[in-house]
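The opening position of the sequence shown corresponds to residue -10 in my numbering, with each subsequent residue numbered one higher.
Worksheet: one structure, shown below.
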Amino acid sequence: MEGEKFSQGEWFSGKVEIVPYDPVWPFQFEQQAELIRKALGAAALAIDHAGSTAVPGLAAKPVLDILLTVKDSSQEDSYSSALEVKGFSLLIREPEWFEHRMFKHFSPATNLHVFSAGCPEIKRVKRFRDWLRINEMDCIIYETSKRRLAARRWRSVQDYADAKTEVINEILERALSG
């Protein structure tokens, strides 16, 4: 819901829930993308559905991951206020990692990752998503790994995400050579 607030605890707790693929996720992405387009207009150079919710059939945390490409993500004044009016809250600022910014939205649950045009991380994330969409075996390997890791207790959801790095890199290696 536009403007609805949430506590950071519900976003950063170590509890990870993996649910079966929900066919409503692409529709929710389109709604969020439209909200972002209305907020930013031409400043939104690209809006892409990323992460597991963007892969049909793949179980996932019920949180949309969206990649937003802007001219320069370090220039928060050019987009931050407009997103906040639409219910997105800036929670992560990583100038040392591709000038990444991450906003959260409550309903539907969304991680909005903001990167600058030409950032290599955008290409990497989209390649991973696209590979999982066409490679059933790697999709199964990834889901199995996520379920195994989600069963553990984590200090934070970021620790869970970091624990997936090895399997992601293995799959990306195949995707880049395939």
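Where is the CB? At the ideal position from N, CA and C, for every residue including glycine.
Distance CB(residue i)-CB(residue j) smaller than 7 angstroms
i           : j           : result
residue 76  : residue 94  : yes
residue 150 : residue 138 : no
residue 40  : residue 145 : no
residue 164 : residue 116 : yes
residue 61  : residue 105 : yes
residue 160 : residue 119 : no
residue 92  : residue 108 : no
Own chain partners of residue i with C-beta closer than 7 angstroms, once the 5 adjacent residues on each side are dropped
i           : result
residue 69  : 79
residue 142 : 3
Beta-carbon contacts of residue i that lie in its chain and below 6 angstroms, excluding the five residues immediately before and after
i           : result
residue 124 : none
residue 35  : 58
residue 43  : 118
residue 158 : none
residue 63  : 88
residue 81  : 91
Where the beta strand (DSSP E) through residue i begins and ends
i          : result
residue 92 : 89 to 94
residue 7  : Here residue 7 belongs to no beta strand (DSSP E), and DSSP marks it neither H nor E.
residue 34 : It is not in any beta strand (DSSP E) - residue 34 carries neither H nor E in the DSSP assignment.
residue 59 : 53 to 59
residue 83 : 78 to 83
Where residue i falls, given that 16 or more other Cβ within 10 Å makes a residue buried
i           : result
residue 155 : exposed
residue 21  : buried
residue 31  : exposed
residue 14  : buried
residue 74  : exposed
residue 111 : buried
residue 33  : buried
8 angstroms CB neighbourhood of residue i in its chain, flanking five on each side removed
i           : result
residue 136 : 7 and 48
residue 55  : 18, 21, 22, 25, 36, 37, 38, 39, 99, 100, 101 and 102
Distance, residue j Cα to residue i Cα
i           : j           : result
residue 72  : residue 84  : 19 angstroms
residue 90  : residue 67  : 13 angstroms
residue 46  : residue 131 : 12 angstroms
residue 167 : residue 28  : 38 angstroms
residue 65  : residue 51  : 27 angstroms
residue 147 : residue 12  : 26 angstroms
residue 162 : residue 16  : 30 angstroms
Start and end residues, alpha helix (DSSP H) containing residue i
i           : result
residue 18  : 14 to 29
residue 151 : 146 to 152
residue 104 : From DSSP, residue 104 is part of no alpha helix (DSSP H) but of the beta strand (DSSP E) over 99 to 105.
residue 109 : 109 to 123
residue 73  : 69 to 74
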